[in-house]
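Taken in sequence, the protein lines are chains A and B.
Quick note on our numbering: the first sequence kicks off at 2 and runs consecutively.
Quick note on our numbering: the second sequence kicks off at 2 and runs consecutively.
All C-beta atoms in this analysis are idealised placements derived from N, C-alpha and C, irrespective of residue type, glycine included.
A short worksheet on the structure shown next.
Protein chains: 2
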Amino acid sequence: MSADVAARRGIPDASVARLPVYLQALTSLAERGITNVSSEELAAAAGVSSAKLRKDLSHLGSYGVRGVGYEVDRLAFEISTALGLTQDWPVAIIGMGNLGRALAAYSGFATRGFNVVAVLDHDESIVGTVVADHAVRPMSDLDTLVREDKLAIGVIATPADSAQDVADRLVAAGVRSILNFAPCVLDVPDDVVVRKVDMSTELQILAFHEQRRSGELDLTDEEVAL
Amino acid sequence: MSADVAARRGIPDASVARLPVYLQALTSLAERGITNVSSEELAAAAGVSSAKLRKDLSHLGSYGVRGVGYEVDRLAFEISTALGLTQDWPVAIIGMGNLGRALAAYSGFATRGFNVVAVLDHDESIVGTVVADHAVRPMSDLDTLVREDKLAIGVIATPADSAQDVADRLVAAGVRSILNFAPCVLDVPDDVVVRKVDMSTELQILAFHEQRRSGELDLTDEEVAL
DNA sequence: TAGATTGTTAATCGATTAACAATC
DNA sequence: TAGATTGTTAATCGATTAACAATC
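Quick look at the structure:
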């Protein structure tokens with residue numbers, strides 16, 4: 002089986018989720034003028050073990066040289082290709098509250114191969130105002146965006162109680178990839194991929210660890226004995 | 002072993018990461034006036050299987066009634082307790098760019114047991130200006146915040162190239178929990194917990210699936226045969 | 001060649017799932 | 001009691017790790 006086919010069918014989810022981190026590390030190395038790197042060094046920069054890194058990369062193909070390591074640019078290119086970043090992906094941001102406006106102004110999209118083609122809001126009093134060089138468009142423009150701009154990814158930055166409605170409209174318009182910033186679970190068809198970014202969830206996970214930290218200081222004897 | 006001890010030592014990471022989602026679903030049910038729920042119903046609302054839900058909850062203790070289900074308020078309280086959300090956690094946000102200002106204005110912190118005690122920036126021309134009712138403070142205030150406000154969690158909202166420096170200062174001041182919004186890997190001591198929120202990473206994972214989707218449409222015969 | 005490091009194998013570990021005994 | 005649903009067990013599945021043969 003060619004590497005291309007391997008990439009297309011079975012890269013494990015856990016590996017796919019780490020590829021962007023490797024790409025980040027490689028970009029950072031390239032900026033510092035480093036042209037070659039070993040799995041040990043790259044793994045350290047990415048915060049994983051070298052065995053895990055090599056295993057992950059083995060799913061893409063064989064782009065290293067035994068006894069030498071990896072060429073930074075080459076590996077970055079191969080990971081970009083595997084992730085589908087050789088093309089630009091048209092993105093729309095829905096919900097122009099604080100978060101939506103911050104996302105619209107975020108320069109990190111463009112530099113990573115994502116192109117914000119539109120920002121939208123269902124509030125008529127916001128539609129038409131300008132946010133980060135984009136005139137805010139009405140929700141009814143979604144069909145047009147999918148048809149004319151090949152909109153592929155919808156970013157939901159609305160409050161939780163409108164997120165499901167927005168997701169339904171995105172799906173109806175033909176969008177199959179959704180990034181959800183609203184703190185709620187979305188119900189979508191099987192062929193739609195949803196990724197969730199939720200700072201409350203992350204903070205709560207940190208709280209768990211903080212609390213466990215203080216809890217460990219006063220274990221009873223009985224508990225320690227276990 | 003008592004449930005309390007079980008909770009304190011061994012809840013699997015994967016389970017901990019899902020508890021906030023269950024809490025979200027329970028809160029939503031409670032708002033709709035629902036007082037009792039089965040594992041099947043709650044699992045559906047949280048987007049997981051009922052077996053997984055029951056397994057996760059079993060790590061906290063036994064708070065359901067066989068043949069009946071769970072009391073919504075009770076279960077929400079038990080999960081909150083397990084996560085350490087019965088107390089308020091003091092949080093500081095560092096970096097007052099677009100994202101930092103959006104986070105500072107985000108109301109979701111307070112409603113979920115997190116208290117933004119300060120916002121900071123290293124840029125002297127920003128220090129002293131007011132963001133979401135907080136006067137922006139200098140980085141040198143970190144020690145004071147840890148001592149006087151019991152600051153426990155630092156949120157990094159700076160560009161990638163200053164994130165490591167900010168992390169070092171947080172750690173030096175005694176902060177052991179960090180939420181990193183900068184697109185980079187942080188190097189911290191073993192006892193410091195870092196969670197990362199990275200929209201670029203999430204978009205890249207979506208891009209992978211989008212690309213695979215279109216790739217599947219034109220598999221060659223040889224590839225299909227595999 | 002000698003030294004270094006990849007790519008892969010096999011073993012281990014942890015998470016998920018299905019099934020059902022316990023029990024309300 | 002009969003029906004329903006939890007909490008737990010055991011089997012399966014997938015991910016991680018260590019070790020090393022392949023090879024530059």
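* Can a CB atom of chain B be found closer than 8 Å to the CB of MET200 of chain A? -> Within the first sequence, residue 200 of chain A is the residue found at index 199, counting from 1. Chain B, which has a Cβ nearer than 8 Å to the Cβ of MET200 of chain A, makes this yes.
* PRO139 of chain A, DSSP secondary structure in three states -> In the first sequence, residue 139 of chain A corresponds to position 138, counting from 1. In this structure, PRO139 of chain A counts as coil in the three-state DSSP scheme.
* Asked: Would you report the Cα separation of SER3 of chain B and VAL69 of chain A, rounded to the nearest angstrom?
  -> As a working mapping, residue 3 of chain B is identified with position 2 in the second sequence. As a working mapping, residue 69 of chain A is identified with position 68 in the first sequence. Residue confidence is low: SER3 of chain B scores 34 on pLDDT, short of 50, so the model does not pin down where it sits. Its coordinate-derived value is still stated next. Computed Cα separation, rounded: 53 Å.
* **MET97 of chain A vs VAL147 of chain A beta-carbon contact at 8 Å** => Residue mapping note: residue 97 of chain A aligns to position 96 of the first sequence, counting from 1. Residue mapping note: residue 147 of chain A aligns to position 146 of the first sequence, counting from 1. No, the Cβ-Cβ distance between MET97 of chain A and VAL147 of chain A is not below 8 Å.
* Asked: Who are the near neighbours of GLU41 of chain B in its chain, counting only those whose CB is closer than 8 Å to its CB and skipping five residues on each side?
  -> Taking the second sequence and counting its residues from 1, the one referred to as residue 41 of chain B is at position 40. The residues are SER51.
* Give me the Cα-Cα distance between GLU125 of chain A and ILE157 of chain A, rounded to the nearest whole angstrom. => Along the first sequence, one-based indexing puts residue 125 of chain A at 124. Along the first sequence, one-based indexing puts residue 157 of chain A at 156. Each residue's alpha carbon lies about 18 Å from the other.
* Mind checking the segment 205-216 of chain A against chain B and listing, in chain order, the residues whose C-beta falls within less than 9 Å of any C-beta there? => GLN205, ILE206, LEU207, ALA208, PHE209, HIS210, GLU211, GLN212, ARG213, ARG214, SER215, GLY216
* List the whole-angstrom C-beta distance separating ALA168 of chain A from VAL189 of chain A, where the pair is believed to meet the contact cut-off of C-beta under 8 Å. => Residue mapping note: residue 168 of chain A aligns to position 167 of the first sequence, counting from 1. Residue mapping note: residue 189 of chain A aligns to position 188 of the first sequence, counting from 1. Contact flag correct, Cβ pair sits at about 6 Å.
* **Endpoints, the beta strand (DSSP E) within which SER178 of chain B is located** => On the second sequence, position 177 is the one that residue 178 of chain B refers to. 178-181 is the span of the beta strand (DSSP E), which, as asked, contains SER178 of chain B.
* To do: Taking PHE78 of chain A and VAL92 of chain A to be in contact with their CB atoms under 8 Å, please state how far apart those CB atoms are, rounded to whole angstroms.
  => Reading the first sequence from its first residue, position 77 is the one you call residue 78 of chain A. Reading the first sequence from its first residue, position 91 is the one you call residue 92 of chain A. So it is not a contact: roughly 22 Å between Cβ atoms.
* Asked: Per DSSP, which one or two residues make a beta bridge with LEU58 of chain A?
  -> Counting from 1 along the first sequence, the entry for residue 58 of chain A is found at position 57. Per DSSP, none; premise fails for LEU58 of chain A.
* Those runs of the alpha helix (DSSP H) which lie wholly inside the segment 101-166 of chain A and span at least 4 residues -> Correct list: 109-112, 143-150.
* Asked: Of the residues A:ILE12, A:THR28, A:ALA208, A:SER141, which one's Cα is nearest the Cα of ILE95 of chain A?
  -> Residue mapping note: residue 95 of chain A aligns to position 94 of the first sequence, counting from 1. Among A:ILE12, A:THR28, A:ALA208, A:SER141, the Cα nearest to that of ILE95 of chain A belongs to A:SER141.
* Asked: Would PRO184 of chain A pass as a contact of ASP199 of chain A if the rule is Cβ separation under 8 Å?
  -> Walking along the first sequence from the start, residue 184 of chain A turns up at place 183. Walking along the first sequence from the start, residue 199 of chain A turns up at place 198. Cβ distance < 8 Å, so PRO184 of chain A and ASP199 of chain A count as in contact.
* To do: Name, please, each residue of chain B whose Cβ falls closer than 7 Å to the Cβ of ALA153 of chain A.
  => Along the first sequence, read from residue 1 onward, the residue named residue 153 of chain A stands at position 152. Under the 7 Å cutoff, chain B gives GLU211.
* To do: With a cut-off of 8 Å on the beta carbons, I'd call LEU61 of chain B and ILE80 of chain B a contact; round off their distance for me.
  => Taking the first residue of the second sequence as 1, we reach residue 61 of chain B at position 60. Taking the first residue of the second sequence as 1, we reach residue 80 of chain B at position 79. At roughly 7 Å, the Cβ-Cβ gap stays under 8 Å, so LEU61 of chain B and ILE80 of chain B are in contact.
* Asked: In chain A, which residues lie less than 7 Å from GLU203 of chain B when you measure between Cβ atoms?
  -> Stepping through the second sequence from its first residue, residue 203 of chain B is reached at position 202. Within 7 Å Cβ-Cβ: LEU180, ARG196, VAL198.
* Asked: From ARG9 of chain A to ALA119 of chain B, what does the alpha carbon distance come to, in whole angstroms?
  -> Along the first sequence, one-based indexing puts residue 9 of chain A at 8. Along the second sequence, one-based indexing puts residue 119 of chain B at 118. For ARG9 of chain A, the pLDDT reaches just 39, beneath the cut-off of 50, and the residue's location in the model is therefore unreliable, although a value from the coordinates is still provided. Their backbone Cα atoms lie some 47 Å apart in a straight line.
* Asked: Within the 8 Å Cβ cut-off, does ARG21 of chain A reach chain B?
  -> Taking the first sequence and counting its residues from 1, one reaches residue 21 of chain A at position 20. For clarity, residue 21 of chain A is Pro in the given sequence; the question names Arg instead. It does: the Cβ of PRO21 of chain A has a partner Cβ on chain B nearer than 8 Å.
* Beta-carbon spacing of PRO21 of chain A, ILE206 of chain B below 8 Å -> Numbered from 1 along the first sequence, position 20 holds the residue referred to as residue 21 of chain A. Numbered from 1 along the second sequence, position 205 holds the residue referred to as residue 206 of chain B. For PRO21 of chain A and ILE206 of chain B, yes; Cβs fall inside 8 Å.
* ILE35 of chain B - DSSP class collapsed to helix/strand/coil -> Start at 1 with the first residue of the second sequence, and residue 35 of chain B comes out as number 34. Three-state DSSP puts ILE35 of chain B in coil, outside helix and strand.
* Asked: How about PRO184 of chain A: is its C-beta nearer than 8 Å to some C-beta of chain B?
  -> For the purposes of this step, residue 184 of chain A is taken as residue 183 along the first sequence, with counting starting at 1. Closer than 8 Å: yes.
* To which residues of the same chain is ARG170 of chain B closer than 7 Å at the C-beta, ignoring the five residues directly before and after it? -> Residue numbering aside, residue 170 of chain B sits at position 169 when the second sequence is read from its first letter. MET140, LEU143, listed in sequence order.
* How long is the line joining the alpha carbons of GLN212 of chain B and ASP74 of chain B, rounded to whole angstroms? -> Position 211 of the second sequence holds residue 212 of chain B. Position 73 of the second sequence holds residue 74 of chain B. Answer to the nearest angstrom: the Cα atoms are 43 Å apart.
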